[in-house]
Ligand SMILES: [Zn+2]
């Protein structure tokens, strides 16, 4: 009911045209949309940054699927077992 009332008040029937008219954003509309997209982008980036880990060996950014090993009582994240192996070998050399 409420939606029908809003449509009745705000949308007027258009006369039948040969070509259908579209809509386009005004300059302030473009500015508004870019501000909204920017906010969403920042929110998504912040959410991902809290989830991202870094491979201790090669520095690759890791998300969800990564290899974890405890080395010298410290839990460390690696992109793969090979990176973990390289890290352990270089750690033992020093
Ligand atoms: Zn790695």
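In the working numbering, the protein residues as written are -13 to 80. Glycine is no exception: its CB is placed at the ideal position from the N, C-alpha and C atoms.
Using a Cβ-Cβ distance cut-off of 8 Å, the segment 34 to 45 and the segment 62 to 75 are in contact, since at least three pairs of beta carbons, one from each stretch, lie closer than that value. Within the model, the alpha-carbon separation for residue 60 versus residue 69 is close to 16 Å. Shown here, residue 11 sits in coil according to DSSP, grouped into three states, outside any helix or strand. Within 7 Å of the C-beta of residue 76 there is not a single heavy atom belonging to ligand 1.
Put simply, of 13, 49 and 55 the residue whose alpha carbon is nearest the alpha carbon of residue 37 is 49. With respect to the C-alpha of residue 35, the residue from 24, 26, 17 and 47 having the closest C-alpha is 47. In the DSSP assignment, residue 59 falls outside any beta strand (DSSP E) and carries neither an H nor an E. Placement of the Cβ of residue 43 at a distance of less than 7 Å from at least one heavy atom of ligand 1 is found.
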